[in-house]
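There are 2 protein chains.
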Amino acid sequence: MPNFSEAATLENGTDITIGKYDTLNSAAEYDLATALNYGQANGSPQMNRFVAEHTEIAHNPPYADWRSCLTVGSTGALEQALRMLCDKARCDAILTEEYSFSTAVETAMPLDVRVFGIEMDGEGLLPNKMDELLSTWDEPARGARKPHVLYTVPSGQNPTGATQGEQRRRDIYAVASKHDIYILEDEPYYFLQMPQYIPGQSGVVDKTQSVDDFLSSLIPSLLSLDTDGRVMRLDSFSKVVVPGSRLGWVTASAQMIERYTRHAEVANQGPSGFSQVVLHKLLDTTWGHEGYFRWLMHLRGEYTSRRNALLDACAEFLPKEVASWQAPRAGMFHWIKVDHAKHSGFVSGARSILDIEDEIFAKCIDKGVLVGRGSWFRAEHDKPPRDMFFRTTFAAATPENMREAIRRLGAAIREVYGMA
Amino acid sequence: MPNFSEAATLENGTDITIGKYDTLNSAAEYDLATALNYGQANGSPQMNRFVAEHTEIAHNPPYADWRSCLTVGSTGALEQALRMLCDKARCDAILTEEYSFSTAVETAMPLDVRVFGIEMDGEGLLPNKMDELLSTWDEPARGARKPHVLYTVPSGQNPTGATQGEQRRRDIYAVASKHDIYILEDEPYYFLQMPQYIPGQSGVVDKTQSVDDFLSSLIPSLLSLDTDGRVMRLDSFSKVVVPGSRLGWVTASAQMIERYTRHAEVANQGPSGFSQVVLHKLLDTTWGHEGYFRWLMHLRGEYTSRRNALLDACAEFLPKEVASWQAPRAGMFHWIKVDHAKHSGFVSGARSILDIEDEIFAKCIDKGVLVGRGSWFRAEHDKPPRDMFFRTTFAAATPENMREAIRRLGAAIREVYGMA
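For the record, the sequence lines run as chains U and F. Take 962 as the starting number for the first sequence in my numbering and just add one per residue. Take 962 as the starting number for the second sequence in my numbering and just add one per residue.
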């Protein structure tokens, strides 16, 4: 839960109450007596209605029989989807970004589903590289069947912060259609799409934007482009309302959602009734769709300020001779490339990329700063990296602490590179 | 959630509050800021401490390195356990009672884990039958490896209401040791063990019993007999506090719990923080262990009154020429045998057990009463039943409604058997 949510709550200040028999009294459509009893494995009709309406407003999927249903969170949803779509007995594999969300890779591994990474640029995975990989798939050499599933985080990807632009999404979708690939679109950061970064203008956020303008400003989701019914979108409240609810939702064709629900009945029986009734009261009864979108706009503004503060610090403290980056357009992660080829130990052949990465990481720890090592996030753990990266985040720390952390990261890099 | 919980709440009448930063202020050991953030997949330390203490008081497992951890409820826990213990590639199978909890059987099926039923009597599964089945296991004929897992509900079993006595439990454990069987002990009804049924003495419950006497009166759990470390116990709040929490716990050896936790990290990431903090505030901060045991004693009393009312109605209305039953000693289910061999259609060979069961079931529906057909609960769906049963429940209906329902069931049986 973002620390700054408190401020917004205090501004409003209203108490929200939930009665035991509100429904019986017609005071509400959902109450504790319903929420805290046994329910359906796909969640309550009340909360399902809310997420379906929200999905229609935000994505309007271009086919008639799409459905949403609640999940126990996106990790659980991803595992259920992988168990539905992949089978170790058939040597199934999935595609993902070359640097990928580590929990997703770790979820596939115990299912014996192999993961293959696709090369990326600043806009995420490269469609032509995906096409090439699939067109030249060599099953015996790869030790896996040609993949039929893509797992992707299109906006503010963890760990790279990359956001696929609209054309990039259309191109990825076209490659998926060509090779009959089913897409798992994991979008926890979708609504944290930010305006362009302008150095030194930290904290400038347009508070006059309308909800319609906000929604039009968002890059279309893969779900909204899905004319084939080949996308399952995973949505989450973890990054924008509350991680501890263990409640999210998926959207896909009615056929997929029916299978997903049957699976949930014998895997987890759906999300907590406490979580459902609290979120329903907040999102549906209290805020409504407009209010929830306004909350997301508010959050997006807060994250923009934090991102800008982090980027200002990077410009001030990181050695540009070896460090380079792009301003993230969404999410909460910032990905910094450090040029290993400029390290004398690498040039002499004495040190590998992983050696140098390890030294910078350890030096940061010595200075009291934790950065994510790029190699932690490689989709193919056994493949040596071609470049060196570090992941930083603007999720939670104060601007002052971020500035100090980046100053120390800069000092660590300089020391390891023997710079003044 | 039992309907009568309301009364107990009103009696007490205290408001319970949870602050956002109680922990920071040292006002509490657990607060919303902690519970609603990301947590461990095995649940919060606070709630884990409570269930571990509760388990020690109630079961005191006889080895040192046992552990408990939270689950997303017992169905999810069972699925995780089956995925850890069984592999379809090895043709694994499990044993259970001949009539078993249908959700458990349905959880095993999509995992391609075969389920074999063990013959039962009024005290549940028969150890000598289990020994015989395992001693004479014929892998090719059975189409499955000799089972190494037993799934059992020792107290108030669903659907039969059978409760294993202490000697029965010791005998089952001995057979499990002999054949190296791992036991999944599913005990949602453990604390609903009731005093003996005395006809006409409905509603008489001893309210002066001490917590110690209550605990001593309970039949020892398989966990409490587990000198080998071969038991995983599944506990649930669904039948005694709130089904909608989707929160339970498992207890087993440290080795099993460590594997279970790793599994939860990529399957569901553990139970809802809302559920954890609400239950912690109620069970730990407000009630404490003694208060929780007193609540369970209160519930046990309520269920005893309901059971007695149902049994009184059975004695009054069911035709004893064909219907027979034992008074359940625990839980919320009552299992009624109806003698198919006394039906003229069966005697003439014109009707099967399933035909007659179907006719009684349909006749009850016509009369506005739903009873569970015994055949629904058969562990081996494809094996024709040897006897005919109906499951009734005293979980939720009022004594008046139960009486009327049993009157109609009696009438339905009489009509189908052509009795006056």
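Idealized CB from N, CA, C, for every residue including glycine.
Can we count phenylalanine 1278 (chain U) as close to the ligand GTP, meaning its CB is less than 7 Å from some heavy atom? Within the structure as shown, the ligand GTP is missing, as the structure has no ligands at all.
Which of helix, strand or coil does DSSP assign to phenylalanine 1351 (chain F)? Here residue 1351 (chain F) refers to the residue found at position 390 when the second sequence is read from its first residue. Note: phenylalanine 1351 (chain F) maps to strand in three-state DSSP.
Residues, ordered as in the chain, of the segment 1037 to 1051 of chain F that lie near chain U by beta-carbon distance below 8 Å: Gly1037, Glu1040 and Ala1050
Just how far apart, CA to CA, sit glutamine 1230 (chain U) and glutamine 1001 (chain U)? Taking the first residue of the first sequence as position 1, residue 1230 (chain U) is located at position 269. Taking the first residue of the first sequence as position 1, residue 1001 (chain U) is located at position 40. For glutamine 1230 (chain U) and glutamine 1001 (chain U), the distance between alpha carbons rounds to 7 Å.
Take the Cβ of glutamate 967 (chain U) as the centre, count every other Cβ of all protein chains shown within 10 Å, and call the residue buried at 16 or more, exposed below. Start at 1 with the first residue of the first sequence, and residue 967 (chain U) comes out as number 6. The pLDDT assigned to glutamate 967 (chain U) is 40, lower than 50, so where the model puts this residue is not dependable, and the model offers no usable value.
Measure from the C-beta of arginine 1207 (chain U) to each C-beta in chain F and report whether the shortest distance is under 8 Å. Start at 1 with the first residue of the first sequence, and residue 1207 (chain U) comes out as number 246. Yes, because at least one Cβ of chain F sits closer than 8 Å to the Cβ of arginine 1207 (chain U).
Name the DSSP bridge partner or partners of phenylalanine 1077 (chain U)? Here the question's residue 1077 (chain U) lines up with position 116 in the first sequence. Phenylalanine 1077 (chain U) pairs with U:Leu1056.
Using the C-alpha atoms, what's the distance from aspartate 1053 (chain U) back to isoleucine 1133 (chain U)? As a working note, residue 1133 (chain U) is residue 172 in the first sequence. As a working note, residue 1053 (chain U) is residue 92 in the first sequence. Roughly 21 Å between the two C-alpha positions.
Identify each residue in the segment 1054 to 1068 of chain U for which the Cβ-Cβ distance to at least one residue of chain F is less than 8 Å, and report them in chain order. Thr1064, Glu1067 and Thr1068
Hey, does glycine 1000 (chain F) have any beta-carbon neighbour from chain U nearer than 8 Å? In the second sequence, residue 1000 (chain F) corresponds to position 39, counting from 1. Yes, because at least one Cβ of chain U sits closer than 8 Å to the Cβ of glycine 1000 (chain F).
Listed by chain order, chain F residues near leucine 997 (chain U) by CB distance under 9 Å: Position 36 of the first sequence, counting from 1, holds the residue named residue 997 (chain U). Per Cβ cutoff of 9 Å: Met962, Val1203, Pro1204, Gly1205 and Ser1206.
Contact check, tyrosine 999 (chain U) vs aspartate 992 (chain U), beta carbons under 8 Å: Position 38 of the first sequence, counted from the first residue, corresponds to residue 999 (chain U). Position 31 of the first sequence, counted from the first residue, corresponds to residue 992 (chain U). Contact: no.
When you check each C-beta in the segment 1324 to 1345 of chain F against every C-beta of chain U, which residues fall closer than 9 Å? none
Measuring CA to CA, which of F:Ala1225, F:Val1110, F:Pro1006 and F:Thr1113 is closest to proline 1071 (chain U)? Stepping through the first sequence from its first residue, residue 1071 (chain U) is reached at position 110. Of the listed residues, the one whose Cα sits closest to proline 1071 (chain U) is F:Ala1225.
Residue ranges of each alpha helix (DSSP H) run of no fewer than 4 residues wholly in the segment 1196 to 1233 of chain F, ordered along the chain? 1215 to 1226
Find the residues of chain F that neighbour alanine 1228 (chain U), judging by a C-beta separation of less than 7 Å, and give them in chain order. On the first sequence, position 267 is the one that residue 1228 (chain U) refers to. By Cβ distance, chain F contributes Gly1037 and Glu1040.
Along chain U, in chain order, which residues have C-beta atoms closer than 8 Å to that of serine 1233 (chain F)? Residue numbering aside, residue 1233 (chain F) sits at position 272 when the second sequence is read from its first letter. Gly1205, Ser1206, Arg1207, Leu1208, Pro1232, Ser1233, Phe1235 and Ser1236, listed in chain order.
Counting C-beta neighbours from all protein chains within 10 Å, is the total for alanine 1323 (chain F) 16 or more, i.e. buried, or is it exposed? In the second sequence, the residue the question calls residue 1323 (chain F) occupies position 362. Exposed, by the Cβ-count rule.
Since I believe isoleucine 1180 (chain U) is in contact with glutamine 1154 (chain U) (beta carbons under 8 Å), could you give me their beta-carbon distance rounded to a whole number of angstroms? Residue mapping note: residue 1154 (chain U) aligns to position 193 of the first sequence, counting from 1. Residue mapping note: residue 1180 (chain U) aligns to position 219 of the first sequence, counting from 1. Yes, glutamine 1154 (chain U) and isoleucine 1180 (chain U) are in contact; Cβ-Cβ is about 7 Å, under 8 Å.
Cut-off 7 Å between Cβ atoms - residues of its own chain near valine 1377 (chain F), not counting five sequence neighbours on either side: Taking the first residue of the second sequence as 1, we reach residue 1377 (chain F) at position 416. Around valine 1377 (chain F): Ile1317, Glu1320, Ile1321 and Lys1324.
C-alpha gap between serine 1171 (chain F) and arginine 1131 (chain F), whole angstroms: Stepping through the second sequence from its first residue, residue 1171 (chain F) is reached at position 210. Stepping through the second sequence from its first residue, residue 1131 (chain F) is reached at position 170. Straight-line Cα distance between these residues: approximately 27 Å.
Is there at least one Cβ from chain F nearer than 8 Å to glycine 980 (chain U)'s Cβ? Residue mapping note: residue 980 (chain U) aligns to position 19 of the first sequence, counting from 1. No, glycine 980 (chain U) does not count as interfacial toward chain F.
Nearest-angstrom Cα distance between glutamate 990 (chain U) and phenylalanine 1235 (chain U)? Residue 990 (chain U) sits at position 29 when you count from the first residue of the first sequence. Residue 1235 (chain U) sits at position 274 when you count from the first residue of the first sequence. Roughly 15 Å separates the two Cα atoms.
To the nearest angstrom, how far is it from the Cα of glycine 1161 (chain F) to the Cα of tyrosine 1221 (chain F)? The residue you call residue 1161 (chain F) lines up with position 200 of the second sequence. The residue you call residue 1221 (chain F) lines up with position 260 of the second sequence. Near 48 Å, if we compare the C-alpha coordinates of tyrosine 1221 (chain F) and glycine 1161 (chain F).
Same chain, Cβ closer than 7 Å to serine 1336 (chain F), neighbours up to 5 away in sequence not counted: Mapped onto the second sequence, residue 1336 (chain F) falls at position 375. Answer for serine 1336 (chain F): Leu1315, Glu1318 and Pro1346, listed in chain order.
Please list, in chain order, all residues of the same chain as alanine 1228 (chain F) whose beta carbon is under 7 Å from its beta carbon, the five residues on each side excluded. For the purposes of this step, residue 1228 (chain F) is taken as the residue at position 267 of the second sequence. Correct list, in chain order: Gln1041.
Leaving out five residues on either side along the sequence, give the residues of the same chain with a beta carbon under 6 Å from the beta carbon of arginine 1075 (chain U). Stepping through the first sequence from its first residue, residue 1075 (chain U) is reached at position 114. Contacts found: Ala1054 and Ala1105.
Reducing DSSP to helix, strand and coil, say where alanine 1291 (chain U) ends up. Translated into the one-based positions of the first sequence, residue 1291 (chain U) becomes position 330. If DSSP states are grouped into helix, strand and coil, alanine 1291 (chain U) belongs with the strands.
Can you name the residues of chain U whose CB is closer than 8 Å to the CB of glycine 1034 (chain F)? Residue mapping note: residue 1034 (chain F) aligns to position 73 of the second sequence, counting from 1. What glycine 1034 (chain F) touches in chain U: Asn1229 and Gln1230.
Between lysine 1298 (chain F) and alanine 994 (chain U), what straight-line distance do the alpha-carbon atoms span, to the nearest angstrom? If you number the second sequence from 1, residue 1298 (chain F) lands on position 337. If you number the first sequence from 1, residue 994 (chain U) lands on position 33. Going by the C-alpha atoms only, they are around 34 Å apart.
Spatially closest choice to alanine 1065 (chain U) from U:Arg1339, U:His1295 and U:His1140, by CA coordinates: Position 104 of the first sequence, counted from the first residue, corresponds to residue 1065 (chain U). Per the Cα distances, U:Arg1339.
What residues in the segment 1239 to 1272 of chain F bring their beta carbon closer than 8 Å to a beta carbon of chain U? Val1239
DSSP puts leucine 1086 (chain U) in a beta bridge; with which residues? Translated into positions along the first sequence, residue 1086 (chain U) becomes position 125. Answer by DSSP bridge pairing, in chain order: U:Met1081.
8 Å Cβ cutoff met for leucine 1208 (chain U) and leucine 1244 (chain U): Residue numbering aside, residue 1208 (chain U) sits at position 247 when the first sequence is read from its first letter. Residue numbering aside, residue 1244 (chain U) sits at position 283 when the first sequence is read from its first letter. No, the Cβ-Cβ distance between leucine 1208 (chain U) and leucine 1244 (chain U) is not below 8 Å.
Would you call the CB atoms of glycine 1034 (chain F) and serine 1233 (chain F) closer than 8 Å? Position 73 of the second sequence, counting from 1, holds the residue named residue 1034 (chain F). Position 272 of the second sequence, counting from 1, holds the residue named residue 1233 (chain F). Contact: no.
Minimum length 4: unbroken alpha helix (DSSP H) runs contained in the segment 991 to 1040 of chain F: 993 to 996 and 1006 to 1020
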